[in-house]
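Remarks on the structure that follows.
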Amino acid sequence: MTAYVILRITVHDPEKLKAYQKVAPTIIEQYEGKLLARGGEVVSLEGSTDNRRTVIIEFPTMEKAKSFYRSPEYTDAILLRKGSAEFEVMVVEGLA
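Numbering (UniProt numbering), first residue to last: 1 to 96.
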């Protein structure tokens, strides 16, 4: 069953965040992840929204998604982003 890692990001230092942005896509691919959405326009259809960046990554299974996030490679990438942004990260189980 698919799983989706959803990141909500408030960027404070775009230049510092670039080091993380450079390595993250390769790590995502290593764990069979596929970027579905990364930043771009967000339009509130109901309720309020904010200006946080939203990233959605699809993985083939919940286990792959958790393995990606807990991997040594991604743990190192997290260190690269420290101080550049605030991250809210969750994984959601898909329907199929």
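By construction, the Cβ of each residue, glycine as well, lies at the ideal position given by its N, Cα and C atoms.
CB-CB under 6 Å to residue 89, same chain, minus the five flanking residues each way: which ones, in chain order?
7
Would a C-beta distance cut-off of 8 Å place residue 57 and residue 35 closer than the cut-off?
In contact: residue 57 and residue 35 (Cβ atoms closer than 8 Å).
Determine the burial state of residue 44: buried for a count of at least 16 other Cβ atoms within 10 Å of its Cβ, exposed for fewer.
Exposed, because fewer than 16 other Cβ atoms sit within 10 Å of the Cβ of residue 44.
Give, in chain order, every unbroken run of the alpha helix (DSSP H) that is at least 4 residues long and sits entirely within the segment 5-69.
Those alpha helix (DSSP H) runs which fall completely within the segment 5-69 and span 4+ residues are 14-30.
Compare the C-alpha of residue 28 against each of 85, 72, 15 and name the closest.
72
Tell me residue 3's beta-bridge partners as DSSP assigns them.
59, 93
Residues bridged to residue 86 (per DSSP):
10
Do you know how far the Cα of residue 21 is from the Cα of residue 59?
A straight-line Cα-Cα distance of about 19 Å links residue 59 and residue 21.
For residue 96, which residues of its own chain have a beta-carbon under 7 Å away from its beta-carbon, when the five flanking residues on both sides are left out?
1, 2
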